[in-house]
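Engineer:
What follows is the structure, given as structure tokens:
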């Protein structure tokens, strides 16, 4: 093993020790921890049974971190997309902040699920009933309720629109003596022994107290760390490219030529030029 490899190995060991400390404090309202808890289908099933108020709800299929592509616009990665025994589609999202659970985000996620459901030639009536479920750390909608059900209706007759697209917000701050309240309590527990649900407690114990579970969680956190490093490196390269492009602009070079030389799209070069002009204008105004 080379000296560089030994240093890298020691760094990894140190990070894993930090990850173990972080893991002790994670709860189900932490995105990364909830995703790993939900890898066990029984946990997803139990949470949905409580939120939907259906004790016989059965999860047939589920996908973690489902990447929904939108070729014409913004794509999104949904936390946990589920299909139940009745053919309904459900997206379960854990959100730490209100911005991440905005009504328009819920609307967009609902649309993305629809757009990625039907195959060419299928009739629109074949769209399954769908639910976007936001479990939020705070009371995002602000009415002080434990759960909110949002459905479209025909205003003039106060009747349901029957498009079968539903949005549910669950306020995890309300931890009352109900089945839903007890679930919300469990979402905030650091230790398995403090939880009401045996199903969730078993999974939390597995991830926090067994060697296999701890190693798996450390690996997940290392993956996020590595992706962050790669992203940082890419940002660094992009910053350098931007500085080079603006220098070339100052020398009077054509945008098309700049784009070809630094292998960046003309659109990005034009964007940088506009941003630089805006920054320069702002600085001049401040000086005045």
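In the numbering used here, the protein residues as written are 157 to 444. Every residue, glycine too, gets a C-beta built ideally from N, C-alpha and C.
Alpha carbon to alpha carbon, how far is residue 237 from residue 247?
Structural biologist: For the purposes of this step, residue 237 is identified with residue 81 of the chain shown, where counting begins at 1. For the purposes of this step, residue 247 is identified with residue 91 of the chain shown, where counting begins at 1. Cα-Cα distance, rounded: 4 Å.
Engineer: Excluding the 5 residues flanking residue 162 on each side, which residues of the same chain have their C-beta closer than 6 Å to its C-beta?
Structural biologist: Taking the chain shown and counting its residues from 1, one reaches residue 162 at position 6. Low local confidence applies: a pLDDT of 49 at residue 162 is under 50, so the model's placement there is unreliable, with the coordinate-based value given in what follows. Taken in chain order, the list of residues that qualify is empty.
Engineer: Anyone know if the C-beta pair for residue 326 and residue 380 falls short of 8 Å?
Structural biologist: Numbered from its first residue, the chain shown carries residue 326 at position 170. Numbered from its first residue, the chain shown carries residue 380 at position 224. No. Outside cutoff.
Engineer: Considering only their Cβ atoms, is the gap separating residue 198 from residue 213 smaller than 8 Å?
Structural biologist: Here residue 213 is taken as the residue at index 57 of the chain shown, counted from 1. Here residue 198 is taken as the residue at index 42 of the chain shown, counted from 1. No.
Engineer: Count the other CB atoms within 10 Å of the CB of residue 271; is the residue buried (16 or more) or exposed (fewer)?
Structural biologist: On the chain shown, position 115 is the one that residue 271 refers to. The residue in question, residue 271, is exposed, as its Cβ has fewer than 16 Cβ neighbours within 10 Å.
Engineer: Among the candidates 242, 217 and 221, whose CA atom is the shortest distance from the CA of residue 210?
Structural biologist: Position 54 of the chain shown, counted from the start, is the residue given in the question as residue 210. Ranking the options by Cα distance to residue 210, first place goes to 242.
Engineer: Who are the near neighbours of residue 316 in its chain, counting only those whose CB is closer than 7 Å to its CB and skipping five residues on each side?
Structural biologist: On the chain shown, residue 316 is found 160 positions in, with the first residue counted as 1. So the qualifying residues of the chain are 307 and 309.
Engineer: Could you say if the stretch 252-259 and the stretch 217-236 meet the contact criterion of at least three C-beta pairs nearer than 8 Å?
Structural biologist: No, they do not touch.
Engineer: Which partner residues does residue 234 have in the DSSP bridge list?
Structural biologist: Reading the chain shown from its first residue, position 78 is the one you call residue 234. BP columns for residue 234 point to 222.
Engineer: Can residue 193 and residue 339 be called in contact, C-beta distance under 8 Å?
Structural biologist: Along the chain shown, one-based indexing puts residue 193 at 37. Along the chain shown, one-based indexing puts residue 339 at 183. Result no, Cβ atoms of residue 193 and residue 339 do not sit closer than 8 Å.
Engineer: Quick one: complete beta strand (DSSP E) runs, 3+ long, within the stretch 288-315?
Structural biologist: Correct list: 303-307.
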